[in-house]
Every structure is written in structure tokens, then in C-alpha cells.
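S.K.: Chains as they are written, first to last, in the UniProt record's numbering: chain A, 1 to 510; chain B, 1 to 510.
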């Protein structure tokens with residue numbers, strides 16, 4: 001099934017969002033006909049249809065791969081050519097937000113971003129905010145009217161932050177397509193998720209064939225096990241998001257030669273669907289909810305430090321992935337030849353503590369995981385361990401691929417929006433690591449309180465004002481030959497992107 | 001180094017705790033000469049020296065392997081032959097505790113146990129409570145007096161619960177020897193742990209050679225990395241405990257042919273050392289602190305459900321471990337041949353959610369992980385995924401070994417006893433799964449309050465009374481053709497063992 005869905009999305013991409021040819025059999029899923037939101041623009045494709053104010057680049061003019069790779073910003077910023085140049089200025093570092101006029105982002109979402117201070121030529125962050133309609137796969141195939149008992153399709157709301165590295169191509173591709181993969185994955189689930197009964201164990205073999213009915217569950221639960229494991233609706237949405245990330249990554253792998261999918265990106269994605277907020281994170285961006293002044297963490301960072309044991313286990317089980325250059329053991333610093341025979345602190349894939357071991361020849365290899373904090377690296381190269389892309393990433397001056405150690409799978413956390421009555425000051429804040437490198441959860445909560453209390457609760461511009469304040473606060477001002485914060489510490493020289501999503505208030509669910 | 005230490009412990013075992021021959025070189029560690037507590041009795045060995053009231057089996061009479069395998073209880077219970085027979089009675093299920101006369105367990109620790117209701121012929125739980133002295137390895141090797149600047153050895157307090165399965169041999173061996181392995185691992189650390197400076201990066205090549213001095217750190221921290229990772233004293237103790245578990249498991253593997261090390265066991269171990277409590281858990285026993293009526297979880301259970309993704313990843317990376325009989329994919333129940341071609345719910349090693357996949361021929365294999373709750377199994381065989389032993393465990397009616405999927409490594413949690421002033425009602429409760437199957441944290445906290453408040457705070461028998469109440473409460477009474485709790489639910493038919501360790505009060509640190 002995964003392959004089929006990938007083909008459908010790939011078709012959608014290569015056709016530039018135009019409707020695919022009429023399927024020859026009910027087997028073939030249609031990827032576009034029920035989409036209300038604009039289809040994404042595709043690399044090297046003609047312009048997608050315009051008029052999607054909230055789309056990320058989907059209404060952008062067609063660009064050659066070179067132009068695309070050079071610089072683009074989310075369409076919802078509505079930047080003029082002059083604005084684009086301003087946004088690309090490392091010296092001025094002007095904070096960008098959607099214009100205060102015209103159509104707002106869904107839920108009155110706030111957004112702000114700023115380019116780095118010279119770390120890379122262009123801003124490698126990308127962002128996307130969309131409302132995506134999902135119709136049952138079946139209807140588009142048969143063309144027949146829905147049975148009375150079958151439910152309508154549904155919308156999901158979608159926000160994505162993509163923090164690129166080693167080029168902007170992966171982040172841009174993900175910002176244009178990841179929500180489409182999620183949409184594809186959800187098509188099978190349209191009826192199931194709106195049916196109060198537990199999900200059926202089996203579906204008919206053909207997605208889109210009309211025989212699904214929840215009354216049967218198709219196969220009786222009796223078998224060699226005494227009972228059948230219960231699967232929740234929520235876990236189906238989580239599985240759909242997880243598989244969408246994997247398919248997005250596979251698509252990048254397949255199309256990296258045809259299109260300039262350079263580098264990789266962290267992906268932090270929020271899906272609101274049927275009353276629940278799903279926060280999916282693969283990388284070192286972070287999401288928190290600030291509710292009634294309190295912080296609720298909604299993601300964990302995936303770095304060489306937090307994923308050390310996973311990485312070491314893989315190196316231990318598949319030593320061929322380490323070449324002759326790396327050891328899966330960790331040492332507090334690199335072992336030097338003169339230390340052969342001494343006993344040095346180490347830990348392996350099973351240990352959280354440290355012990356001493358006698359240094360042998362192969363311990364002189366470079367450790368798979370080394371360094372601390374922001375300097376921690378896998379194979380001395382990359383500082384994040386989950387994300388999309390990086391299929392071409394090799395160890396410096398070597399042919400050893402790093403991708404096998406990186407995971408494209410997000411961790412998904414769920415927040416039930418119906419379990420709590422939210423006020424207009426309750427927000428979900430998403431930020432790339434440029435924000436979190438120089439601030440923390442409680443400082444962000446303080447800024448939330450300070451900025452939102454300066455605006456009327458029903459003023460929809462307050463959330464963009466908050467996003468701007470967060471980005472400005474993390475960027476600092478250009479004093480003393482560097483961007484500095486009020487406490488004279490260095491501000492973030494990285495790209496910074498922030499979404500502020502209100503969880504209650506007038507803008508919601510609209 | 002690990003091999004050397006294992007040899008030392010093996011020697012200790014095979015010599016029955018007698019002092020080893022004078023080492024021929026400073027390389028050979030001595031495992032016994034600085035031990036204050038009694039050396040453990042060894043399988044097939046002559047009786048260990050008597051007089052260790054708190055030892056677990058260490059003062060037990062010599063038994064043939066057959067006798068040992070048949071039945072033994074912790075020595076600190078001081079059971080007479082008649083008492084031993086009573087403790088082995090599945091019908092009566094008399095709760096056993098140390099006698100209220102004579103020498104108490106360290107810290108006035110309370111203990112109680114009861115045999116199962118017929119699940120296995122004998123009680124397969126074992127327990128150990130010891131005070132273990134650790135002297136520097138160096139002294140015992142050189143025999144020379146310590147330099148003035150060098151510190152004295154130290155004691156650690158030790159409690160262990162071992163929940164055996166498929167035989168009692170592994171649990172008994174672990175109860176006799178695991179603390180000796182911990183002692184061995186700590187010998188290198190005697191000076192380091194008592195030195196306020198950070199642990200040295202390197203030690204001289206020979207454990208026991210006299211050149212360790214913390215001033216040098218031997219190698220300068222400058223190298224290709226900008227800084228050297230800081231390693232804490234605490235993490236050295238954790239590493240020592242982790243390696244001790246591994247060495248214990250290796251010893252079981254090596255000696256399983258010579259001695260009757262049948263089955264395997266979960267191990268829940270507490271080490272108190274230099275102000276901190278280390279709780280190490282490998283299996284499905286559980287430890288909680290009840291402090292001022294509040295529950296602080298001190299362990300997590302390791303079961304096919306909690307370790308699903310680790311198990312599936314191993315099966316995915318090493319499919320040869322699955323033979324032709326198992327699939328690493330999980331399904332809500334076993335797939336049936338007639339479901340070929342349908343799409344069924346599944347999840348793989350990367351997913352926490354569920355999705356649908358088309359059933360192919362190899363999905364008809366049995367899932368590596370199946371079932372729910374107490375019925376969850378790895379390879380349809382075993383319900384715990386960490387512990388010691390099980391080296392002979394095979395899939396039923398197959399030669400496929402299960403051990404590669406089991407981990408002997410504990411998760412270690414640390415509690416700093418000096419950070420809080422504890423009252424006599426604050427306790428650490430350890431219980432095998434027989435306790436937790438029928439009760440929960442908050443019910444245990446209620447029982448702690450109820451029982452302890454009925455005794456004077458300085459009455460040292462209150463902790464054993466509490467352990468007895470917990471075991472009685474989980475066992476129930478023999479009504480209605482089964483052991484039943486007051487709410488008429490079934491009581492635990494499993495072996496039940498409980499330690500109650502007071503964290504404050506008169507009995508402490510003595």
C-alpha cells in the first residue's frame with residue numbers, strides 16, 4: 001500500500017497538481033480530486049493554481065531548480081521581490097511576518113521569522129500552514145454517490161516548521177508536500193475515524209473498493225490469542241503521520257537526482273483533527289503549550305545526545321555501517337595513541353553510566369557519537385538525528401553514508417483540545433532551534449503573558465505580535481560586533497522561525 | 001578488565017568464599033580479603049562460614065545441586081527444616097518473615113514473602129540483604145599500607161529481589177552473587193568516589209597498581225574536541241552496577257553446564273552508597289518510594305509491551321534471529337491464511353501508531369511480540385524482556401534461542417537521600433510482580449500509612465509488619481476455591497516478595 005500511495009503523491013507532484021488521468025481500475029487511488037486546498041507546486045513543474053493565501057509556496061511562481069534552491073520564503077508572507085531581498089539580508093536581519101491586511105492564517109495563527117547572521121547564504125528554514133480537506137478514497141474512484149450511512153470527509157488544520165541544513169532543498173520540498181502525504185494516508189481512514197466503533201481489524205484488499213462496513217470487522221476476533229488488541233482512532237492518526245514522514249523521506253530519496261533536494265531538514269508538524277492536536281517532531285525544533293501561564297512540553301529533541309543509545313546499538317549490530325573509521329563506544333574525548341593500554345572512561349549502547357576499559361587499538365577510531373550540547377555530532381558531522389532528506393550526506397573526506405543512522409520517524413504527542421476550556425491567551429508555540437538555543441520554556445511563557453496582555457483578547461494580530469516578539473528576543477540587536485540580547489549574551493545567529501497557534505478564542509476552528 | 005573481574009568472582013564462587021591463593025602478580029585482583037560481610041555460598045561448594053544473619057543463603061547448609069534446585073529460602077529468614085516445609089506449602093501459603101528476635105536486617109528493613117498457589121512446585125523468588133565492604137583493589141594487591149592522602153574503603157548497603165521463572169536456579173545464583181559483582185566493580189572506584197574532584201579520564205593500565213593520583217588526570221583534556229565530557233561520580237556507580245549485571249549474566253552462561261542454573265530471573269536491586277540510593281531494575285518487579293504519603297516511582301517495568309520497539313528493531317536488523325517462524329511486525333492478533341491479500345492493522349519498529357498493510361505470505365508468521373498485559377509474550381514464550389539467565393531458553397518445540405532478545409541490563413534510577421529530611425514513615429517498597437499484579441502504587445501508599453501509624457515510630461518491627469500486610473493483602477484468603485481479596489477479586493497466585501526499607505528513623509544507616 002505504501003508504494004501505491006507514494007506513487008499517487010509522486011504523480012501529483014510531477015503533474016503539478018493537475019488531476020491525474022482517469023484511473024483504469026478501482027485499484028488506483030486518486031490523489032487530488034477531493035482536495036479543496038490548493039495542490040502544492042512541484043519542483044520543475046508549471047505554477048500551481050493561485051489563490052491559496054495560506055499555502056506555503058504553493059502559489060509561488062515557477063522557478064528553475066537553481067532559482068528555487070537559491071531562495072524562497074513561505075507564500076503566506078506575500079513578499080514582493082523587494083521584500084524577498086530584504087528577508088535575505090544577513091546584516092539587517094529584518095523580522096518577517098504575514099501582512100496585517102488581507103486574509104489571515106487559519107486560527108489567526110501568528111508567524112515570524114528571521115534569517116541567520118551569515119551562517120548560511122540563505123534562510124534554510126521553511127514553514128507551511130494549510131487547511132487540508134480529506135475525502136474518502138473510495139468516492140473519487142467509483143464516482144458513485146456515498147451510501148447514506150457513510151460519513152462526509154473532514155478537514156485537518158496543519159502547521160509545519162522545517163529547519164534545513166546543508167542546503168534549503170529538503171526543507172522546501174517538505175514544506176510543499178508533507179501535508180499531502182498526510183492527506184493521502186488519512187484517505188483510507190475518513191469513514192473509520194468518524195465512526196464511534198473501534199477501527200476494523202481488516203479492510204478489503206483494495207483501497208477505494210466499496211465494501212468497507214464496520215459491522216463485520218471482516219474477521220472474527222477469535223484466534224490463537226485469547227483476545228484482539230484494541231486499536232484506537234488516535235493511534236490510527238499517529239500511524240498515518242508516521243507513515244507520511246517515511247513516504248516524504250522516500251520521495252526525497254527517489255527524486256534527489258531529478259530535482260535539487262539538497263541537504264536535509266528537521267520537521268515539526270502540528271495536525272488538528274477531530275478535536276485533537278497531534279504534534280509530530282523529528283529533529284531539534286520544539287513545541288510547547290502555554291496554558292494559563294503554565295508550560296506543557298509537546299515535543300522532545302532528537303540529537304546525538306538524546307539518541308546516543310539508539311545510534312550506538314545500530315553501530316554495534318551493524319558494524320559495517322561504521323567502516324573502519326568509527327567505533328560505537330563513547331569516550332569523554334577522543335582517545336590518543338599514547339593512551340593505548342591505559343584504562344579510560346567509556347560507555348556502550350547498554351550503559352547510561354560510565355566505567356573504565358583498557359584502551360585497545362580499535363578504540364582509537366573516532367567515536368560514532370561525540371561532543372556535548374550544540375557541539376554533539378554523529379560521525380563528527382551532523383548534530384540532529386531525526387529529520388527528512390540527507391540521503392547524500394557523507395562523512396567529511398570519506399564515502400561513508402550517515403543516513404542509516406538518521407531516522408525520519410517523528411515522535412507524536414497528542415493533546416485533546418476538548419478536555420480543557422481554553423482562553424485566548426492559551427497558545428501552542430512552535431520554534432526552530434534558533435529560538436530555543438537562547439531562550440527556554442519559562443522565558444517564552446513570560447513573553448506570552450507580557451505580549452498578549454498588551455492586546456485586546458479578540459485582536460487577531462496579537463499572535464503575530466507575539467511571534468515577532470519571540471523572534472526579536474532570540475535574535476537580539478546588533479551591538480558589540482554581534483547580535484546581543486539585553487543581558488549582553490549572544491543572540492541566536494541561526495535562522496529563527498516561530499508559529500504561535502491560539503488554542504482558544506475567536507480565531508479558532510475557522 | 002571485565003574478564004579479569006569475572007574470573008575473580010568465579011574464583012570466589014568456586015572456592016566457596018575462602019581466601020584465594022596469594023596472587024602471583026599485582027595484576028590479579030583479590031575478591032575476598034577485604035570483605036567484612038560473609039562470602040556467599042556457591043553452588044556445589046562447601047558451606048560458607050556461618051554467622052551472617054543478614055546473608056541470603058550464605059550460611060545455609062551445603063546442599064547437592066539437586067537439593068538446592070529443589071528448595072531454599074533466604075538465610076535471613078532463619079527457617080528450621082520444619083519452617084522450610086511450611087514455607088513450601090502451596091495450600092497454606094503462610095507468610096514468612098525474619099524472626100522478631102535476634103539480629104535485625106540493616107536499617108530495620110522489613111521483609112515478607114509467600115509461595116505461589118501452585119503455579120510452580122517451589123517458591124522461585126529469592127531475596128538478599130547485605131552490608132558489603134569495598135576496599136581499594138590496590139591495597140589487597142600490594143599489601144602495603146595506604147598513603148596518607150588515600151581514603152579508606154566504604155560500605156554499601158544492598159537489597160535484592162530476584163523473581164525466578166522456569167526454575168529457581170538463576171534467582172538463587174543471583175541472590176548469592178550479584179552483590180559480589182557490584183563489590184568487584186566498585187573496587188577500582190574506592191578512592192575516586194571519595195575524592196571531590198571529578199573522576200580521572202584515565203587510570204593506569206593495571207587495576208591495583210599504585211600510581212593513581214587525581215592531580216594529573218594523566219592526559220590533558222585538550223584534543224581534537226574542544227572540551228572533555230564531564231563524568232560524575234554518580235554515573236560511575238551506575239556504570240558499576242550495569243557492568244555487574246552483565247558479568248553476573250555472563251557467569252550464569254558459563255556455569256550453566258557445571259551447575260544447575262535453570263531458568264532466569266528478574267532482578268530488582270537497591271544500593272545505598274555515599275548518601276545516594278541507586279535502584280536498578282531488570283524485569284517486571286517494581287520499586288516505589290512513599291514519602292509523606294506521596295508516591296515517587298523508582299523503577300519501570302520491562303515487558304514485551306514496554307520494550308516492543310527495541311525487540312522489533314532487533315528482529316528487523318537481525319532477521320536471522322527470527323528464524324523462519326516469526327515476523328518482527330506486530331498485528332492486533334495472529335494473521336490467518338484466509339486473510340492473505342486483505343489489509344490489516346500493523347505496526348513496525350518505528351511506529352507507535354497503527355496503520356493498514358496488505359497481508360503477504362510472510363505476515364502469516366507468528367509475531368515476535370504478541371498479546372497484551374500479563375499475557376504479552378516474546379516469541380510466544382516469555383513475558384519479561386530483561387533479567388539474568390535464560391541462556392537455555394528456546395521457543396517451544398523449536399531450537400530458536402530467545403536470549404538474544406532479552407537484555408540483562410538494568411535501568412538505574414538515583415535518589416539523593418540527603419536532599420530531603422525523611423521521617424520514620426518514609427519508605428522504599430520493593431515488590432516482585434506478585435504484589436503489583438493485584439495492587440497499585442496508591443493502594444500501597446494507603447497501606448503504608450495504615451500499618452505504620454499503628455506502631456510507635458521507633459518500633460523497628462513496624463517495617464516487617466508492613467511487609468507482611470502488603471504480602472497478605474496481595475495474597476488474599478482462601479475463599480471460593482481460590483485466593484481472594486476483600487473485594488472478592490482474585491488474589492495473586494504468584495510468589496510474592498516484599499522489602500520495606502525505611503529511609504528515615506532510628507534504624508537508618510546502622
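Beta carbons are placed, not taken as given, at the ideal position from N, Cα and C, and that holds for glycine.
Runs of 4 residues minimum, wholly inside the segment 101 to 183 of chain B: which ones carry the alpha helix (DSSP H) assignment?
M.R.: DSSP runs (the alpha helix (DSSP H)) wholly in the segment 101 to 183 of chain B: 137 to 142.
S.K.: Inspect the CB distances between the segment 386 to 398 of chain A and the segment 164 to 177 of chain A and report whether three or more fall short of 8 Å.
M.R.: Yes, since at least three Cβ pairs between the segment 386 to 398 of chain A and the segment 164 to 177 of chain A fall closer than 8 Å, the two stretches touch.
S.K.: Does any CB atom of chain B fall closer than 7 Å to the CB of residue 372 of chain A?
M.R.: Judged by the 7 Å Cβ criterion, residue 372 of chain A is in contact with chain B.
S.K.: Please confirm whether residue 519 of chain B has its beta-carbon closer than 7 Å to some beta-carbon of chain A.
M.R.: What is shown of chain B runs 1 to 510, which leaves residue 519 of chain B out entirely.
S.K.: For the segment 272 to 290 of chain A against the segment 407 to 422 of chain A, are there 3 or more C-beta pairs whose distance is under 8 Å?
M.R.: Cβ pair count under 8 Å is three or more, so yes.
S.K.: Can you confirm whether residue 490 of chain A, when its beta carbon is compared against all beta carbons of chain B, has any partner nearer than 7 Å?
M.R.: No - not a single Cβ of chain B is within 7 Å of the one on residue 490 of chain A.
S.K.: Applying a beta-carbon distance threshold of less than 7 Å, which residues of chain A neighbour residue 228 of chain B?
M.R.: In chain order: 332 and 333.
S.K.: By Cβ distance, which residues of its chain are closer than 6 Å to residue 69 of chain A, with the 5 residues on each side in sequence left out?
M.R.: Only weak support is given to the placement of residue 69 of chain A: the predicted model assigns it a pLDDT of 45, under 50, and the question is left unresolved by the model.
S.K.: Per DSSP, what kind of secondary structure is residue 490 of chain B in: helix, strand or coil?
M.R.: Strand, per DSSP.
S.K.: Take residue 474 of chain A and list the residues in its own chain whose beta-carbon comes closer than 6 Å to its own, dropping the five residues that flank it on each side.
M.R.: So the qualifying residues of the chain are 435, 438, 439, 492 and 496.
S.K.: Less than 6 Å between the CB of residue 119 of chain B and some heavy atom of the ligand ATP, yes or no?
M.R.: In the structure on display, the ligand ATP does not appear, and there are no ligands present to speak of.
S.K.: Could you tell me whether the segment 231 to 251 of chain A touches the segment 347 to 363 of chain B, where touching means 3 or more Cβ pairs closer than 8 Å?
M.R.: A contact exists between the segment 231 to 251 of chain A and the segment 347 to 363 of chain B.
S.K.: Measuring CA to CA, which of A:450, A:93 and A:331 is closest to residue 511 of chain B?
M.R.: As shown, chain B starts at 1 and ends at 510. That puts residue 511 of chain B outside it, with no answer to give.
S.K.: I'd like to check one pair, residue 161 of chain A with residue 127 of chain A: are the Cβ atoms closer than 7 Å?
M.R.: Against a cut-off of 7 Å, the Cβ pair of residue 161 of chain A and residue 127 of chain A comes out as a contact.
S.K.: Could you compute how far the alpha carbon of residue 504 of chain B sits from the alpha carbon of residue 247 of chain B?
M.R.: Their Cα atoms are separated by approximately 33 Å.
S.K.: Between which two residues does the beta strand (DSSP E) containing residue 288 of chain B stretch?
M.R.: Residues 286 to 291.
S.K.: Less than 7 Å between C-beta atoms, sequence neighbours within five positions excluded: which residues of the same chain meet that for residue 284 of chain A?
M.R.: Result list for residue 284 of chain A: 266, 301, 302, 303, 384 and 433, in chain order.
S.K.: Based on the DSSP secondary-structure assignment, which residues constitute the bridge partners of residue 483 of chain A?
M.R.: Answer is A:478, bridged to residue 483 of chain A.
S.K.: Could you have a look at residue 498 of chain B and say whether DSSP puts it in helix, strand or coil?
M.R.: In the structure shown, residue 498 of chain B sits in a strand (DSSP, three-state: E or B).
S.K.: Just checking: is the beta-carbon of residue 243 of chain B within a distance shorter than 7 Å of some beta-carbon in chain A?
M.R.: True, the Cβ-Cβ gap to chain A drops below 7 Å.
S.K.: List the residues of chain B that residue 270 of chain A touches, going by C-beta distances under 8 Å, in chain order.
M.R.: Those do not exist, as residue 270 of chain A stays about 16 Å from chain B at its closest Cβ, beyond 8 Å.
S.K.: Residues of chain A with CB closer than 9 Å to the CB of residue 236 of chain B, please, in chain order.
M.R.: Those within 9 Å of residue 236 of chain B in chain A are 345, 353, 354, 355 and 356.
S.K.: Just verifying my parser: in three-state terms, what is the DSSP assignment at residue 375 of chain B?
M.R.: If DSSP states are grouped into helix, strand and coil, residue 375 of chain B belongs with the helices.
S.K.: Exposed or buried, which one is residue 72 of chain A when buried takes at least 16 other CB atoms within 10 Å?
M.R.: Flag for residue 72 of chain A reads buried.
S.K.: If you compare alpha carbons, which of A:377, A:118, A:252 and A:280 is closest to residue 176 of chain A?
M.R.: Answer by Cα proximity: A:252.
S.K.: With 9 Å as the C-beta to C-beta threshold (strictly closer), list the residues of the segment 291 to 319 of chain A near chain B in chain order.
M.R.: Residues 310, 313, 314, 317 and 318.
S.K.: Can you give me, in chain order, the residues of the segment 409 to 420 of chain B that have a beta carbon less than 7 Å from any beta carbon in chain A?
M.R.: Going along the segment 409 to 420 of chain B in chain order, one finds 409 and 412 with a Cβ nearer than 7 Å to chain A.
S.K.: Sorted by chain position, which residues of the same chain lie with C-beta nearer than 7 Å to residue 377 of chain A's C-beta, five sequence neighbours on each side aside?
M.R.: For residue 377 of chain A, where only same-chain residues beyond five positions count, the Cβ hits under 7 Å are 304, 370, 371 and 383.
S.K.: Against chain B, does residue 496 of chain A count as a neighbour if the rule is that its beta carbon must be under 7 Å from one of theirs?
M.R.: Chain B, which has no Cβ nearer than 7 Å to the Cβ of residue 496 of chain A, makes this no.
S.K.: For residue 398 of chain A, which three-state DSSP category applies?
M.R.: Coil, per DSSP.
S.K.: Check each residue of the segment 182 to 210 of chain A: if its Cβ is closer than 9 Å to any Cβ of chain B, include it; give the result in chain order.
M.R.: For the segment 182 to 210 of chain A, which is checked against every Cβ of chain B, the residues closer than 9 Å are 185, 188, 189, 199, 200, 201, 202, 203, 204, 205, 206 and 207.
S.K.: Consult DSSP for residue 504 of chain A and reduce its assignment to one of helix, strand or coil.
M.R.: It is coil, neither helix nor strand.
S.K.: With residue 93 of chain B and residue 115 of chain B assumed to form a contact (beta carbons below 8 Å), what rounded beta-carbon distance in angstroms separates them?
M.R.: Sure, about 6 Å apart at Cβ, within 8 Å.
S.K.: Taking residue 307 of chain B as the reference, which of B:297, B:200 and B:282 has the closest Cα?
M.R.: Nearest C-alpha to residue 307 of chain B: B:282.
S.K.: Mind checking residue 75 of chain A: buried by the 16 CB within 10 Å criterion, or exposed?
M.R.: The residue in question, residue 75 of chain A, is buried, as its Cβ has 16 or more Cβ neighbours within 10 Å.
S.K.: Would you verify that the beta carbon of residue 342 of chain B is, or is not, closer than 7 Å to some beta carbon of chain A?
M.R.: Interface residue, yes.
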